[in-house]
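K.L.:
There's a structure below that I have some questions on.
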Amino acid sequence: MSEIVLQTESLTKYFKDKPAVEHLNLKIPKGCVCGFLGRNGAGKTTTIRMMMGLLRPTVGGCSVLGCDSQFLTPQIRQRIGYVTEGHRLYKWMKIGELEKFQRAFFPGQWDGKLFNDMLEYFELSKKQKVKNLSNGQRAQVSLALTLAPNPELLIMDDPTLGLDVAIRRQFLEGVIHLITRQNRTILFSSHILADVERVADRIVVIDKGMLKADCTMEQFRNAIQKFVITFDKQTPADVNVEGAICCRSDGNLLEITVVNTAEQIIQDWAKNAGATDCKLVQMTLEDQFIEFTAPAKKGKLFDWEYKCQ
Amino acid sequence: MAVWIQILSGSNEPIYSQIVEQIRQAIAKGQLGTGEKLPAVRKLASDLVVNPNTVAKAYTLLEQAGMVTTKSGSGTFVADPKMRTSDSADMNILFERTDALIGRALNLGINRDDLIKMFSDRVNTFVKNNQRGQK
Numbered sequence: 030m031s032e033i034v035l036q037t038e039s040l041t042k043y044f045k046d047k048p049a050v051e052h053l054n055l056k057i058p059k060g061c062v063c064g065f066l067g068r069n070g071a072g073k074t075t076t077i078r079m080m081m082g083l084l085r086p087t088v089g090g091c092s093v094l095g096c097d098s099q100f101l102t103p104q105i106r107q108r109i110g111y112v113t114e115g116h117r118l119y120k121w122m123k124i125g126e127l128e129k130f131q132r133a134f135f136p137g138q139w140d141g142k143l144f145n146d147m148l149e150y151f152e153l154s155k156k157q158k159v160k161n162l163s164n165g166q167r168a169q170v171s172l173a174l175t176l177a178p179n180p181e182l183l184i185m186d187d188p189t190l191g192l193d194v195a196i197r198r199q200f201l202e203g204v205i206h207l208i209t210r211q212n213r214t215i216l217f218s219s220h221i222l223a224d225v226e227r228v229a230d231r232i233v234v235i236d237k238g239m240l241k242a243d244c245t246m247e248q249f250r251n252a253i254q255k256f257v258i259t260f261d262k263q264t265p266a267d268v269n270v271e272g273a274i275c276c277r278s279d280g281n282l283l284e285i286t287v288v289n290t291a292e293q294i295i296q297d298w299a300k301n302a303g304a305t306d307c308k309l310v311q312m313t314l315e316d317q318f319i320e321f322t323a324p325a326k327k328g329k330l331f332d333w334e335y336k337c338q
Numbered sequence: 257m258a259v260w261i262q263i264l265s266g267s268n269e270p271i272y273s274q275i276v277e278q279i280r281q282a283i284a285k286g287q288l289g290t291g292e293k294l295p296a297v298r299k300l301a302s303d304l305v306v307n308p309n310t311v312a313k314a315y316t317l318l319e320q321a322g323m324v325t326t327k328s329g330s331g332t333f334v335a336d337p338k339m340r341t342s343d344s345a346d347m348n349i350l351f352e353r354t355d356a357l358i359g360r361a362l363n364l365g366i367n368r369d370d371l372i373k374m375f376s377d378r379v380n381t382f383v384k385n386n387q388r389g390q391k
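As given, the protein sequences belong to chains A and B, one line each in that order. Note that this note's numbering has the first sequence beginning at 30, numbered continuously upward. Note that this note's numbering has the second sequence beginning at 257, numbered continuously upward.
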């Protein structure tokens, strides 16, 4: 097992009496790109802010690059790139002033050429004032400012929120650029599963403040499977399958989504239940995530047939 | 020679398998000839904007299938066709696709004999074009 660069131990945060993050135990190994997934309000930003030492945990703690998050030294912070949600930058500064300001925190490691190349690529000039930039341009400046010091660990809180497809792609290119240099580690939260699938090799899923998955992308892709089972007549009323998280039936078809259940178990169950066919169907990462974190309620939100009657 | 690969993210087919499939196609069509060098893992990852481990996994699978060979230090090359192996999983994929094709053809009202003739004509054309491509 390679070195752990990010670790949380029963990390817990309460806001008044409401838990935002509960007993989170995470281990992010060096050299991976980790997608940090969770629905709105799941506790992603709270977790990231605690990792960066900006928020004090109620219980438990976390360490970054071997140092307790609450006592991060300037030397440790120099090795971390942190992109906050919404790309907040000082509005009164020009891009050139921002660079000067930022590089002062990273003596001897600022890659001025990379910064200039990125600005040129984004068609931005150092004379432009931050307050006159669009959301997308602010995101581009923020990416350039974060990559220029060549961070060992990059933590990004929903960096592509509200950005157009082209700028989103630039972010992904930035991630791949950084990861193809040796031993860089990246953690980023996002709601765009197609992006996560492209660049991440590891994923962490939290739901209602609790850890639901911390594994490689491949393990997650293999763990959640959907089967479509065909019966001669009506589907059985009682579906008792190991690891089932989601189950729908329509006439003689039964659709079951399972977590960590061997295919043979499902095939055997289907046979015993009198099914005529049992097929494994491939799911998209998005479907897997939805069924994993938001098991279907009875009925649908919009039931058109009912309304048409 | 460059390989042209298109990644469809958000698909139900994992990205590594999209890469494997398209490189296999390129080899089958003669766009990548025996002994030709594949792009380096990091280069392809960067071009496709995907994680380098995903590309590495695709190359490993291609190597296990005998489609390519890796020479340490110099890169990955298209293997001699004699070295290629196909396992039962490959054959299952092939059967599944052929079945889908047959079903579609029968739906269109093409009869059994016409379908067999059509299939054998297509195979002949493909092989002929492929040989021309490799010269």
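C-beta: ideal position from N, C-alpha, C; glycine also.
Going by DSSP in three states, residue 394(B) sits in which element: helix, strand or coil?
P.N.:
Any answer about residue 394(B) is impossible in this case: the structure gives chain B only from 257 up to 391.
K.L.:
Please report the straight-line C-alpha distance between residue 81(A) and residue 310(B), rounded to a whole angstrom.
P.N.:
Approximately 29 Å between the Cα atoms of the pair.
K.L.:
Short of 8 Å Cβ to Cβ, which residues in the stretch 218 to 231 of chain A face chain B?
P.N.:
Cβ contacts with chain B: 222, 223, 224, 226, 227, 228, 229 and 230.
K.L.:
Hey, quick one: how far does the alpha helix (DSSP H) through residue 262(B) stretch, first residue to last?
P.N.:
First-last for residue 262(B): undefined, no H or E at that position.
K.L.:
By the 10 Å Cβ neighbour count, where 16 or more other Cβ atoms means buried, how is residue 307(B) classified, buried or exposed?
P.N.:
The residue is buried, with at least 16 neighbouring Cβ atoms inside 10 Å.
K.L.:
Which residues in chain B sit within 7 Å of residue 106(A), going by Cβ to Cβ distance?
P.N.:
None at all; the shortest Cβ gap to chain B is about 27 Å.
K.L.:
Among 168(A), 284(A) and 59(A), which one has its Cα closest to the Cα of residue 189(A)?
P.N.:
Minimum Cα distance to residue 189(A) is reached at 168(A).
K.L.:
Of all the CB atoms in chain B, is at least one closer than 9 Å to the CB of residue 315(A)?
P.N.:
At least one chain B Cβ lies under 9 Å of residue 315(A).
K.L.:
The alpha helix (DSSP H) spanning residue 309(B) covers which residue range?
P.N.:
It spans 308 to 320 - the alpha helix (DSSP H) in which residue 309(B) sits, taken as one unbroken run.
K.L.:
Would you mind reading off the limits of the beta strand (DSSP E) that contains residue 117(A)?
P.N.:
Here residue 117(A) belongs to no beta strand (DSSP E), and DSSP marks it neither H nor E.
K.L.:
Can you tell me which of the three DSSP states residue 273(A) falls into?
P.N.:
Three-state result, residue 273(A): strand.
K.L.:
Identify every residue that forms a DSSP beta bridge with residue 327(B).
P.N.:
DSSP lists 331(B) as partners of residue 327(B).
K.L.:
Can you check whether the CB of residue 276(A) is closer than 9 Å to the CB of residue 268(A)?
P.N.:
Result yes, Cβ atoms of residue 268(A) and residue 276(A) sit closer than 9 Å.
K.L.:
Tell me the residue span of the alpha helix (DSSP H) that contains residue 313(A).
P.N.:
Residue 313(A) -> no alpha helix (DSSP H), and no H or E assigned at all.
K.L.:
In this structure, how does DSSP classify residue 186(A) when only helix, strand and coil are distinguished?
P.N.:
Of the three classes helix, strand and coil, the one that applies to residue 186(A) here is coil, per DSSP.
K.L.:
Just grab the DSSP bridge partners of residue 287(A) for me.
P.N.:
Note: residue 287(A) sits in a beta bridge opposite 254(A) and 273(A).
K.L.:
Mind listing the chain A neighbours of residue 309(B)? Cutoff is C-beta to C-beta under 7 Å, in chain order.
P.N.:
Chain A residues near residue 309(B): 230.
K.L.:
Drop a sphere of 10 angstroms on the beta-carbon of residue 234(A), count the other beta-carbons inside from all chains shown, and report buried for 16 or more, exposed for fewer.
P.N.:
Residue 234(A) is buried by the Cβ-count criterion.
K.L.:
Any contact between the stretch 151 to 165 of chain A and the stretch 135 to 142 of chain A? By contact I mean 3 or more CB pairs, one from each, below 8 Å.
P.N.:
Output reads no: the stretch 135 to 142 of chain A does not touch the stretch 151 to 165 of chain A.
K.L.:
Given a cut-off of 9 Å on the beta-carbon distance, is the pair residue 272(B) and residue 314(B) in contact?
P.N.:
Yes; because the gap between Cβ atoms is below 9 Å, this pair is in contact.
K.L.:
Quick one, which residues of the stretch 275 to 303 of chain B are near chain A if we go by CB-CB under 7 Å, in chain order?
P.N.:
Correct list: 298, 301 and 302.
K.L.:
Compile a chain-ordered list of the residues in the stretch 182 to 208 of chain A whose CB is closer than 9 Å to at least one CB of chain B.
P.N.:
Cβ contacts with chain B: 198, 201, 202, 204, 205, 206 and 208.
K.L.:
Could you round the C-beta distance between residue 227(A) and residue 305(B) to whole angstroms and report it? I think they count as a contact, below 8 Å.
P.N.:
Sure, about 6 Å apart at Cβ, within 8 Å.
K.L.:
When the Cα atoms are used, what is the spatial distance from residue 193(A) to residue 165(A)?
P.N.:
Cα-Cα distance, rounded: 7 Å.
K.L.:
Using the C-alpha atoms, what's the distance from residue 121(A) back to residue 145(A)?
P.N.:
The alpha-carbon atoms of residue 145(A) and residue 121(A) are separated by roughly 21 Å.
K.L.:
Any contact of the stretch 302 to 312 of chain A with the stretch 48 to 66 of chain A, i.e. 3+ C-beta pairs under 8 Å?
P.N.:
Output reads no: the stretch 48 to 66 of chain A does not touch the stretch 302 to 312 of chain A.
K.L.:
From the beta carbon of residue 80(A), is the nearest beta carbon of chain B less than 9 Å away?
P.N.:
Taking Cβ atoms only, chain B never reaches closer than 9 Å to residue 80(A), which makes this a no.
K.L.:
DSSP on residue 206(A), reduced to helix/strand/coil?
P.N.:
Helix at residue 206(A).
K.L.:
Express the C-alpha separation of residue 174(A) and residue 293(A) in angstroms, rounding to a whole number.
P.N.:
Going by the C-alpha atoms only, they are around 51 Å apart.
K.L.:
Grab me the residues of residue 331(B)'s own chain with a C-beta within less than 8 Å of its C-beta, minus the 5 sequence neighbours each way, in chain order.
P.N.:
So the list reads 293, 294 and 296, once near-sequence residues are dropped.
K.L.:
Check the Cβ-Cβ distances between residue 62(A) and every residue of chain B, and say whether any is below 9 Å.
P.N.:
So, interface residue.
K.L.:
Take residue 75(A) as the anchor and find which of 103(A), 42(A), 106(A) and 93(A) has the nearest alpha-carbon.
P.N.:
Nearest of 103(A), 42(A), 106(A) and 93(A) to residue 75(A), Cα basis: 42(A).
K.L.:
On the DSSP letters alone, give me the boundaries of the beta strand (DSSP E) that residue 172(A) sits inside.
P.N.:
Per DSSP, residue 172(A) belongs to no beta strand (DSSP E); it is in the alpha helix (DSSP H), 164 to 176.
K.L.:
Give, in chain order, every unbroken run of the alpha helix (DSSP H) that is at least 4 residues long and sits entirely within the stretch 40 to 122 of chain A.
P.N.:
Entirely contained in the stretch 40 to 122 of chain A, the alpha helix (DSSP H) runs reaching 4 residues are, in chain order, 73 to 80 and 103 to 106.
K.L.:
Would you give the residue range spanned by the beta strand (DSSP E) that residue 217(A) belongs to?
P.N.:
Start and end: 214 to 218.
K.L.:
At least one CB of chain B closer than 9 Å to the CB of residue 247(A): is that the case?
P.N.:
Taking Cβ atoms only, chain B reaches closer than 9 Å to residue 247(A), which makes this a yes.
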